[in-house]
Amino acid sequence: MDRRADLDRLYALLGRLDARVGGARRLGDCTGYMDWPDRGVYLFLAPGETRAFSGARRVTRVGTHAVSTGSSTTMWDRLKQHYGTGAGSSAHPHGGNHRGSVYRRRVGEAFVERYALHDRYPDWGTTRVPADRERSEVRDEEYPLERRVSAFLRDQPFLWVDVDDEPGPDSDRAHLERNLVALLSNYDRSPVDPRRSDWLGNYARSAKIRASGLWNVEHVAESYDPAFLDAFEAAVERTGSV
1 MDRRADLDRL
11 YALLGRLDAR
21 VGGARRLGDC
31 TGYMDWPDRG
41 VYLFLAPGET
51 RAFSGARRVT
61 RVGTHAVSTG
71 SSTTMWDRLK
81 QHYGTGAGSS
91 AHPHGGNHRG
101 SVYRRRVGEA
111 FVERYALHDR
121 YPDWGTTRVP
131 ADRERSEVRD
141 EEYPLERRVS
151 AFLRDQPFLW
161 VDVDDEPGPD
171 SDRAHLERNL
181 VALLSNYDRS
191 PVDPRRSDWL
201 GNYARSAKIR
211 ASGLWNVEHV
221 AESYDPAFLD
231 AFEAAVERTG
241 SV
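Each residue of the sequence shown is one higher than the one before, counting from 1 in full-length UniProt numbering.
This is how it looks when you write it as structure tokens:
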């Protein structure tokens with residue numbers, strides 16, 4: 001298994017995908033009115049993060065949705081959780097809910113660590129609001145950081161592939177996500193495409209994010225099956241512009 005060669009093939013496929021969909025989209029430019037596939041896998045590419053030798057934009061997060069049997073979550077549903085609230089939100093415009101998006105939570109944690117904001121956001125990252133505090137109080141307190149996270153995530157370009165299979169842990173989407181993360185991860189292995197020193201993920205609380213160079217935790221320490229690239233290529237060829 002030649003990981004560098006497999007990464008080169010993956011990024012060549014992403015180049016083809018970019019051409020098929022008319023270019024990566026910034027999350028901030030997207031709406032639910034666009035013709036998104038119901039189900040798929042998406043890959044975020046951080047601005048300024050590039051591959052070591054080619055200069056191509058580097059993948060920094062892989063995600064999917066509806067990997068629980070019976071789930072009805074669409075791809076846009078998941079992207080909207082990362083996007084956060086819109087301008088019309090009466091209480092917290094351009095904010096969001098990091099308890100509904102692991103991506104938002106991890107990015108917020110990195111901001112807290114980088115800028116020593118622990119005292120300002122003591123409950124950030126808790127699964128539930130502590131029982132001795134009002135939910136509205138905590139949401140108001142966390143709103144400035146939610147806005148900061150929204151601004152960061154909405155600037156991220158991403159690509160996607162259409163994979164319309166039934167929800168479940170053994171779905172094709174789950175298979176692709178798992179193998180994409182494992183291939184891209186630098187966790188506990190010789191780094192390929194090392195991360196920039198100022199990449200925000202270097203301040204993540206999770207050692208797996210810092211070491212892998214991805215905003216993913218699950219699957220970063222796993223091995224991958226090179227044959228998954230054939231399935232990913234087939235997904236690229238059936239994906240069109242929104």
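Cβ coordinates follow ideal geometry from the N, Cα and C atoms, glycine included.
Simplified DSSP state of residue i, which is helix, strand or coil
i      : result
VAL160 : Here residue 160 turns out to be Trp, not Val, going by the sequence shown. If DSSP states are grouped into helix, strand and coil, TRP160 belongs with the strands.
LEU176 : helix
ARG26  : strand
GLU141 : helix
GLU49  : strand
ARG39  : coil
TYR11  : helix
TYR103 : helix
ASP225 : coil
ASN186 : coil
VAL67  : coil
ASP2   : coil
ALA87  : coil
GLU134 : coil
HIS82  : helix
GLU113 : helix
VAL21  : coil
VAL236 : helix
TRP199 : coil
ASP77  : helix
GLY108 : helix
LEU214 : coil
Buried or exposed by the 16-neighbour rule on C-beta atoms within 10 Å, applied to residue i
i      : result
SER101 : buried
GLY96  : buried
THR126 : exposed
ARG16  : exposed
ALA151 : exposed
PHE228 : buried
GLU166 : exposed
GLY213 : buried
GLU177 : buried
ASP172 : buried
ARG114 : exposed
GLU137 : exposed
GLU218 : exposed
ARG4   : exposed
PHE53  : exposed
ARG238 : exposed
ARG135 : exposed
ARG104 : buried
Bridge-paired residues (DSSP) for residue i
i     : result
PHE44 : ARG61 and PHE158
Test item: CB-CB of residue i and residue j under 8 Å
i      : j      : result
SER241 : VAL21  : yes
TRP215 : THR64  : no
VAL24  : LEU45  : Here residue 24 turns out to be Ala, not Val, going by the sequence shown. Yes, Cβ-Cβ distance for ALA24 and LEU45 is below 8 Å.
TYR83  : LEU153 : yes
GLU146 : ALA204 : no
VAL62  : LEU43  : yes
TYR40  : TRP124 : Checking the displayed sequence, the identity of residue 40 turns out to be Gly instead of Tyr. Contact: no.
ALA221 : ASP162 : no
GLY201 : ARG210 : yes
ASP193 : ARG99  : no
HIS92  : TYR33  : no
PRO37  : ASP140 : no
ARG196 : GLY88  : no
VAL107 : VAL149 : yes
Minimum Cβ-Cβ distance from residue i to chain D less than 8 Å
i     : result
ARG16 : The displayed structure is made up of one protein chain only, and chain D is not part of it.
Checklist entry - Do three or more CB pairs link the region 113–120 to the region 63–76 at distances below 8 Å? => result Touching, no, given that fewer than three Cβ pairs across the two stretches are closer than 8 Å.
Checklist entry - Can at least three beta-carbon pairs, one atom from the region 20–34 and one from the region 182–199, be found at a separation below 8 Å? => result Counting Cβ pairs under 8 Å, fewer than three are found: no touch.
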